[in-house]
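Student: Per UniProt numbering, the very first residue in the sequence shown carries number 1; after that it's consecutive.
Ideal Cβ positions, reconstructed from N, Cα and C, are used throughout, including at glycine.
Have a look at the structure that comes next, please.
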Amino acid sequence: MTRYLLATDSVHTTAAACDYLQGRLTSDDVVRVVGVSECGSRDGHESPSESVATRNAPRSGDAADAVNVATARLAVPDVETAVREGDPLAELRDELDAGDVDELVLGAHHPGAGAEGGLGSTAAGLVGHVEVPCVVLPPVGLE
């Protein structure tokens, strides 16, 4: 049995993760899908004065939609889900600290402030800093 933690904030990341996991999962495996949206994320309303970065930030509903994609696409009996709001790095570290994770699967996203080696800040804060293997999926459209 392998216990996967799938960290996501978008349906695109979840779809890529499901594609990655499909050929690897057995009926004994457990997948915990955690969708995280940052505190104060947009609710879908946009003003013309918003910056591109703000318009492209995860919306609060995106994490819930991302989790729903996983439950629909993954063919294992045990898919656990959670939607959290807060700092993605802190929320995912909490999930990992709780234990019962054999592999972390997450998206790379585009590099931003604090990014290293082409990783977004959340992936960069986890890869090499956690005790489980990490699979970082390429940004959608760059695979």
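Taking all protein chains shown into account, decide if THR8 is buried (16 or more other Cβ within 10 angstroms of its Cβ) or exposed.
Tutor: As a position in the sequence shown, residue 8 is number 8, starting the count at 1. Per the 10 Å Cβ criterion, buried.
Student: Would you tell me roughly how many angstroms separate the C-alpha atoms of ASP100 and ALA66, rounded to the nearest one?
Tutor: For the purposes of this step, residue 100 is taken as the residue at position 100 of the sequence shown. For the purposes of this step, residue 66 is taken as the residue at position 66 of the sequence shown. About 22 Å.
Student: Taking C-alpha atoms, which residue in GLU131, SER37, LEU21 lies nearest to VAL31?
Tutor: Walking along the sequence shown from the start, residue 31 turns up at place 31. Of GLU131, SER37, LEU21, the residue nearest in Cα terms is LEU21.
Student: Is CYS134 helix, strand or coil by DSSP?
Tutor: On the sequence shown, residue 134 is found 134 positions in, with the first residue counted as 1. Strand.
Student: Report buried or exposed for ASP29, applying the criterion of at least 16 other Cβ atoms within 10 angstroms of its Cβ.
Tutor: For this step, residue 29 is matched to residue 29 along the sequence shown. Under this definition ASP29 is a buried residue.
Student: Between the C-alpha atoms of PRO88 and CYS18, what's the straight-line distance to the nearest angstrom?
Tutor: Walking along the sequence shown from the start, residue 88 turns up at place 88. Walking along the sequence shown from the start, residue 18 turns up at place 18. Cα to Cα, PRO88 sits roughly 20 Å from CYS18.
Student: With ARG93 as the anchor, note down where its alpha helix (DSSP H) starts and where it stops.
Tutor: Taking the first residue of the sequence shown as 1, we reach residue 93 at position 93. Looking at the DSSP string, the run of the alpha helix (DSSP H) that includes ARG93 is 88 to 97.
Student: Keeping to the same chain, check which residues put their C-beta closer than 6 Å to that of LEU96; ignore five residues upstream and five downstream.
Tutor: Numbered from its first residue, the sequence shown carries residue 96 at position 96. The residues are VAL130.
Student: Considering only their Cβ atoms, is the gap separating LEU104 from VAL76 smaller than 8 Å?
Tutor: Here residue 76 corresponds to residue number 76 of the sequence shown, with the count starting at 1. Here residue 104 corresponds to residue number 104 of the sequence shown, with the count starting at 1. Not in contact: VAL76 and LEU104 (Cβ atoms no closer than 8 Å).
Student: Give the C-beta separation of ARG84 and VAL36 to the nearest angstrom, bearing in mind that I take them to be a contact with Cβ-Cβ under 8 Å.
Tutor: By 1-based counting over the sequence shown, the position of residue 84 is 84. By 1-based counting over the sequence shown, the position of residue 36 is 36. Confirmed, about 5 Å.
Student: Who does GLU80 pair with in a DSSP beta bridge?
Tutor: The residue you call residue 80 lines up with position 80 of the sequence shown. Bridge partners of GLU80: ARG32.
Student: For GLY86, does the count of other Cβ atoms within 10 angstroms reach 16, so buried, or fall short, so exposed?
Tutor: Taking the first residue of the sequence shown as position 1, residue 86 is located at position 86. GLY86 is exposed by the Cβ-count criterion.
Student: Going by DSSP, what residues sit across from ALA7 in a beta bridge?
Tutor: Sequence index remark: in the sequence shown, residue 7 carries index 7 (1-based). DSSP, once it has assigned bridges, lists VAL34, LEU106 as partnering ALA7.
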